[in-house]
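Mind the numbering: the sequence shown is residues 3 to 616 in my numbering, read in order.
Below: the structure, in structure tokens.
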Amino acid sequence: MIRQAIIAAGGMGTRFGEFTKEMPKGFIEIDGIAMVERSVRKLIANGVEEIIIGTGHCFAWYDELAKRYPCIRTVRNDNYANTSSMGTVAVCAPYIKGDFFLLESDLIYDAVGLKVLANDPRSNVILASGPTHSEDEVYLECNGDKIITRSTKDKASVKQHAGELVGISKLSKACLDEMMAFYTADASRIKMDYENVLASVSSANGGHSDIFVRKIEYYAWAEVDNKAMLDRAITQIWPRIAENESLWNVRREVLLNPGPSTTTDSVKYAQVCADICPRELEFGNLMEWCGIELTRFVADPSKYTTVMFGGSGTAADEAMVSSCVPPDGKLLVVDNGSYGARMAKIASVYHINMDVFKSSPYEPIDINALENQIKSGHYTTLAIVYHETTTGLLNPLEIICPMAKKYGLVTICDAVSAYGGMPMDLEALGIDFASSTSNKHLQGMAGIGFIVCKNEELLKQKDWPMRNYYLNIYDQYQYFLKTKQTRFTPPVQTFYALRQAIIETKQETIEKRFERYTSCWKILVDGITQMGLDMLVKAEHQSHFITAILIPKSPQYDFNQMHDLARSHGFTIYPGKLGNINTFRIANMGDIRPEEMARFIPVLRDYMHSIGQC
Ligand code: PLP
Ligand code: MG
Ligand code: MG
3 MIRQAIIAAG GMGTRFGEFT KEMPKGFIEI DGIAMVERSV RKLIANGVEE IIIGTGHCFA
63 WYDELAKRYP CIRTVRNDNY ANTSSMGTVA VCAPYIKGDF FLLESDLIYD AVGLKVLAND
123 PRSNVILASG PTHSEDEVYL ECNGDKIITR STKDKASVKQ HAGELVGISK LSKACLDEMM
183 AFYTADASRI KMDYENVLAS VSSANGGHSD IFVRKIEYYA WAEVDNKAML DRAITQIWPR
243 IAENESLWNV RREVLLNPGP STTTDSVKYA QVCADICPRE LEFGNLMEWC GIELTRFVAD
303 PSKYTTVMFG GSGTAADEAM VSSCVPPDGK LLVVDNGSYG ARMAKIASVY HINMDVFKSS
363 PYEPIDINAL ENQIKSGHYT TLAIVYHETT TGLLNPLEII CPMAKKYGLV TICDAVSAYG
423 GMPMDLEALG IDFASSTSNK HLQGMAGIGF IVCKNEELLK QKDWPMRNYY LNIYDQYQYF
483 LKTKQTRFTP PVQTFYALRQ AIIETKQETI EKRFERYTSC WKILVDGITQ MGLDMLVKAE
543 HQSHFITAIL IPKSPQYDFN QMHDLARSHG FTIYPGKLGN INTFRIANMG DIRPEEMARF
603 IPVLRDYMHS IGQC
């Protein structure tokens, strides 16, 4: 897995003259997006967690870009005027921890090149293409083992021609270390290009690194060093890249049901990867990274730990309810919807001593009444749902959990449909355990349930007799801590998708995700209000993630007909879930854009019109 990239972007672009005097070449736009920004997006979509951009000429442009892409770190090559590309790679080198992509900033390319390099079993691979006739070709020469011997612009001198240098490579940290040792050993090497340093440390020339060339004969790519190359890139190459990449698009289905939610194509494709035994350290490292990042979204990883299971959200809830009540403890479950009722049901199945605090599914909880029950002194543990997906009601945990803590209770919270959709800080909220799943606001695939646990409370479970087995939180935690493995087979490919979903959540940020959801929700609320439809829960108590809409009065209303019409337009909607009140529900969780919600409204209006509602 390639987790980092370096983009060498220090150059002055002198061959463009005035054009790039006050702007780095990478910021030249093709089809509305700067070349380097498009490259950053492709790297993120292909699983790169951190992009280190070596800057120089007009560095401020890159610092601005970094503000929009949290995964970018810029590093300045102050001596850019006196070095060449290796000088810029050199300032980035200290940040590299493992295998990485090395790219030039002035490229447009088909993202398949990144996939080919990532899938190549060899550690050091330079991407090459067949003839481009770009008139600035750099030719790669190889020995019989396909290990690079030379890179040169002098075609006539090349003996074993291996292709034209694209400007994208996959390299190991060991190779980079060798490049750095070579580069810094002699001051006369200061103006070397990185490709010549690569050739110098190649085992074909007495170095220690086997550096291979991988040629894609008809690869669509262009480098842009001057006006003629830019014209060629725009007119000949970009249309090919755009077409090639569009062939990978997966048919879009907009899921307006409350999970599993709509995912990006990059999350879908992250599952397509080499087979791996989940007991390999490489996979353990991936699960560990996922766990830490899942914690970091909502808590300080030095105080909280995420414990993961193969299973749905209910598995996480069941693990939490059946693991977190002490052997002689008593649980109070707040039930104001199906998911509160489900936690009570789980507790009863495990014969846990329990009372239920019932509350209306569409009105706020009576805090005083709840406080009176909590302070009766009977309880060790409080269970509550953060966002009742049944109705879209958001419970005020910022009041309830600190109150429960004040009376000494441990708080366990079903955050399945809240986590990742809105900013939350578990410690500030007074939440000791929070459950969620890979497939709701995280926009990953279904199959991983997890619990973010306060370490202090988790460690207390060490000597409790086990009430459960597969779902035991402490056992799962301590086994992973010791071995970097789960006790039982994890959903391997789902973890690769989760990793990609986490990368994309960090890129969007949870704050912005909440804003996007709120924009979608407002479009929906405006639309249904105009159709004369009513919502079950008052707007101010809603989450903005799902809206329960009272069904129209018309006797012709038929959920299935409405569903089928929506589905024929690519939208999936969901029935209500309250026994006695008739609603249907529209969720906006997952990778849903406001313009898609805006397209859904006329579809719903057409249906409502057809039954005489509006
Ligand atoms: N808890 C809440 C609040 C939910 O919204 C859901 C699913 O919608 C669940 C638990 C159960 O999740 P799953 O269906 O993945 O088991
Ligand atoms: Mg060039
Ligand atoms: Mg160039």
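Every residue, glycine too, gets a C-beta built ideally from N, C-alpha and C.
Would the beta-carbon of residue i fall within 8 Å of that of residue j?
| i | j | result |
| --- | --- | --- |
| I32 | W291 | no |
| C616 | M533 | yes |
| V226 | G394 | no |
| C522 | P577 | no |
| L535 | I551 | yes |
| Y388 | A417 | yes |
| I53 | L45 | yes |
| G449 | T265 | no |
| I150 | G115 | no |
| A589 | I553 | no |
| H443 | Y421 | yes |
| Y341 | T392 | yes |
| D267 | N251 | yes |
| K175 | K99 | yes |
| D427 | K456 | no |
| T439 | G315 | yes |
| I74 | V50 | no |
| M356 | V335 | yes |
| E390 | N338 | yes |
| A318 | F452 | yes |
| G261 | S419 | yes |
| T76 | G12 | no |
| V140 | I8 | no |
| A95 | N48 | no |
| A164 | L142 | yes |
| M181 | L200 | yes |
| M424 | I512 | yes |
| V412 | E459 | yes |
Taking the beta strand (DSSP E) that residue i falls in, what are its first and last residues?
| i | result |
| --- | --- |
| S211 | Here S211 belongs to no beta strand (DSSP E), and DSSP marks it neither H nor E. |
| V127 | 127-131 |
| G56 | 52-57 |
| Y111 | 109-111 |
| A11 | 6-11 |
Would you mind sorting residue i into buried or exposed? The rule is 16 or more other CB atoms within 10 Å of its CB.
| i | result |
| --- | --- |
| F490 | exposed |
| Y220 | exposed |
| I30 | buried |
| C177 | buried |
| S211 | buried |
| I281 | Note that residue 281 is Arg in the sequence shown, not Ile. So R281 ends up on the exposed side. |
| L461 | exposed |
| A206 | buried |
| C60 | buried |
| Q478 | buried |
| C144 | buried |
| E320 | buried |
| A189 | exposed |
| C326 | buried |
| T186 | exposed |
| I294 | exposed |
| S570 | exposed |
What are the start and end residues of the alpha helix (DSSP H) that includes residue i?
| i | result |
| --- | --- |
| R587 | Not the alpha helix (DSSP H): R587 falls in the beta strand (DSSP E), residues 585-589. |
| S268 | 267-272 |
| H135 | Taken as a continuous stretch (DSSP letters only), H135 belongs to no alpha helix (DSSP H), as it is neither H nor E. |
| A550 | No alpha helix (DSSP H) holds A550; the beta strand (DSSP E) holding it covers 548-552. |
| I243 | 240-248 |
| G115 | 114-121 |
| W223 | No alpha helix (DSSP H) holds W223; the beta strand (DSSP E) holding it covers 223-225. |
| E597 | 596-612 |
| L460 | 457-461 |
| Y220 | From DSSP, Y220 is part of no alpha helix (DSSP H); its letter is neither H nor E. |
| C616 | First-last for C616: undefined, no H or E at that position. |
| C94 | 87-94 |
| Y196 | 196-203 |
Answer yes or no: does any C-beta atom of chain B fall closer than 8 Å to that of residue i?
| i | result |
| --- | --- |
| S41 | The chain inventory of the structure shown lacks chain B, comprising one protein chain alone. |
Nearest-residue set for ligand 2, Cβ under 7 Å from any heavy atom: Environment of ligand 2, chain-ordered: D138, V140, E225, D227, taking every residue with Cβ within less than 7 Å of a heavy atom.
Length-filtered (4 minimum) alpha helix (DSSP H) runs lying within the region 413-442: As far as the region 413-442 is concerned, its whole alpha helix (DSSP H) runs of at least 4 residues are 428-431.
Runs of beta strand (DSSP E) wholly within the region 148-189 (minimum 3 residues, chain order): As for any beta strand (DSSP E) of minimum length 3 sitting wholly inside the region 148-189, the runs are 150-154, 163-173, ordered along the chain.
Secondary structure, beta strand (DSSP E): runs of 3+ residues fully inside the region 353-401: DSSP runs (the beta strand (DSSP E)) wholly in the region 353-401: 356-360, 383-387.
Within the region 285-358, ranges of the beta strand (DSSP E) (whole runs, at least 3 residues): The DSSP assignment places 306-312, 333-337 as complete runs of the beta strand (DSSP E) inside the region 285-358, in order along the chain (cut-off: 3 residues).
Whole beta strand (DSSP E) elements within the region 19-85, 3-residue minimum: You should have 52-57, 74-78.
Whole runs of the alpha helix (DSSP H) within the region 482-526, excluding any shorter than 4 residues: Secondary structure within the region 482-526: the alpha helix (DSSP H) runs of 4 or more consecutive residues, fully enclosed, are 494-510 (chain order).
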